[in-house]
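Below you'll find the structure, written out as structure tokens, and then a few comments.
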Amino acid sequence: MFKFKILKKDKTTKARLGIFKTPHGLIKTPNLAIVATKGGIRGLSFEQAKKFGAEIFMINTFHFFRQEKYKIIKKFGSLHKFLNINYPLMTDSGGFQVFSLGFGMEHGVGKVADIFPEEMKNSAELTRNYAENKKNGIYTENNIGVNPRDKNPRLSALKKNLVRIYDDGVEFIDPYNGQKLFLSPKISIKVQKILGADIIFAFDECTSPLSDYKYTKEALKRTHKWAIKCLDEFGKTKNQVLFGIVQGGEYEDLRKESAQFINSLPFFGFGIGGSLGKSKKDIIKVLSWALPYLDYKKPRHLLGIGEIDDILNSIEQGIDLFDCVIPTRWARHGTGFSFNGRINLKASKYLTDKKPIDPKCKCNICRKYSRAYICHLLREKEIYGIILLTEHNVFWILNLFKEIRKSIKENRFSNFKKTILKL
RNA sequence: CCAGGGGUGGCAGAGUGGACAAUUGCAGCAGGCUGUAAACCUGCCGGCCUUUGUGCCUGCGGGGGUUCGAAUCCCUCCCCCUGGA
């Protein structure tokens, strides 16, 4: 039912062209899973995304685990039936939520800690640092821990939230309603089996870039133990495949250790997860440490990454699959993709700009509408602006993947990458 | 004409003797976002400056006064709202 085949290997880089056969269709790789966390692509129909070239979608286990939402899916039979689509799907294990909901938890197993560090008080200054550092491609303690949703109105409730990581799973507070939840490898896989996505992921612990070596190593050991438990629970499931997740943060020996360990287990493919370091260059390093230890014939998915340069650099290292919220989130936040770099369409200067979002883009939005119109809609908070921009962004990024595949096929990936990154 | 209420930064609306260049929201300007607690978040938002500062100037309807000090208290004028003749 499942088969991953490498069709071509790039001559000068580690990039590869492949085809992934699943019960719900083929996925040409490299490819990007469009994210539909709670079962819907924000601002776009699955059909439209499919039309633009989307071949697989990423849905999140956590959001179907809380409040026992998976029971609804059970009644329907699977996510495919619930969403009434026949496309390949993947589900994330919920492991990421341990990170995103437990960010700042740096103090070890079982120890209770506030999610947000004390430095939150100076969030204004820290945010400024974040912006500056980000420009220079540097992540530091002063920015990393602060940027994600600081000063969120829900912060006060958050501060009370606790995450406890145990050897057998994670206890944490449901951010939506304060309910206490427990998620473990076993539970995650059970739920993912009910959800029935074609590709499912092992339940891992995603560490933060602030995690030190010692903690990252502990988390790694845990993730490895959990990997085995996931496989046990997965058993001989036929209609799904399970990907193991390589952790190890930004530490070379840990990434190597993790890649070797995960590779030694009977996973169908691999996810590269966790912290990818403190700068964009670190992503490349991390991949170059881990990927050589993974079975060359198996698919590799880089979890959560999706900025243009990172995509190109990762493919160059041998990544086959991605998933990322950027195309849809940026659209909601007013940022559009273009071959001249991202453009902030909320900016007042675009109110009089008659050009399309990206003059080189062939999507319907760029064919028909001006930046001025999109800008106007976004500023007026018309939902249609978001819808149009989402359509453009998803089209644009999927088109990039088409171009990438083509360039690998034609043995000019390296040049293609250079051309794109120069722009 | 009488009685009562009110006039605050582009708008709405706090403040009612010093901590007020003035809470907050909206609007405006700029930016951020990488396995989605995200149609979200952050910063700026009276003027001036070859010293960007516990700096200077102007400022809470107009004018005058009390006070060391007034958006805040008093007088007066103008305007708006509600009720009465």
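For the first sequence, the positions run 10 to 432 when the numbering used here is used. Glycine included, C-beta positions come from ideal geometry on N, C-alpha and C.
- Measuring C-alpha to C-alpha distances from I417 to each of F276, G27 and Y382 identifies G27 as the nearest.
- Boundaries of the alpha helix (DSSP H) harbouring R414: I392 to K418, taken from the DSSP string.
- Residue environment analysis places R376 among the exposed positions, since fewer than 16 neighbouring C-beta atoms fall within 10 angstroms of its C-beta.
- Y382 sits in a helix when the DSSP states are folded into three classes.
- The C-alpha of Q57 lies about 30 Å from the C-alpha of K431.
- DSSP places R309 within a strand segment (E or B) once states are collapsed to three.
- In the three-state reduction of the DSSP assignment, F13 falls in the strand class, which pools E and B.
- Every beta strand (DSSP E) stretch that sits fully inside the region 188–248 and reaches 3 residues is listed by chain position as 189–192 and 208–210.
- If you look at C375, you'll find it in the alpha helix (DSSP H) that goes N373 to K377.
- Judged by pairs of C-beta atoms under 8 Å, the region 332–341 does not touch the region 355–366, as fewer than three such pairs exist.
- Distance check between D221 and each of F346, L263 and K238 places L263 closest, using alpha-carbon atoms only.
- Taking 8 Å as the cut-off, the Cβ atoms of S323 and I292 count as close.
- For R173, the three-state secondary structure derived from DSSP is strand.
- Pairwise C-beta distances place the region 71–80 out of contact with the region 274–286, as fewer than three of them are shorter than 8 Å.
- Counting only the Cα atoms, E227 lies some 14 Å from E259.
- The beta-carbon distance between I65 and M10, rounded to whole angstroms, is 15 Å. This is too long to meet the 8 Å contact definition.
- Proximity to L398 across T344, K426 and G350 peaks at T344, based on C-alpha coordinates.
- From the listed residues G253, A299, S217 and K415, the smallest Cα separation to F108 is found for S217.
- Nearest neighbour of I406 by Cα position, chosen from F85, I320 and G327, turns out to be I320.
- Cα atoms of I182 and I281: separation of roughly 26 Å, rounded to the nearest angstrom.
- C215 and S297 have their alpha carbons spaced roughly 19 Å apart.
- The region 243–255 and the region 15–26 do not touch, with fewer than 3 CB-CB distances between them shorter than 8 Å.
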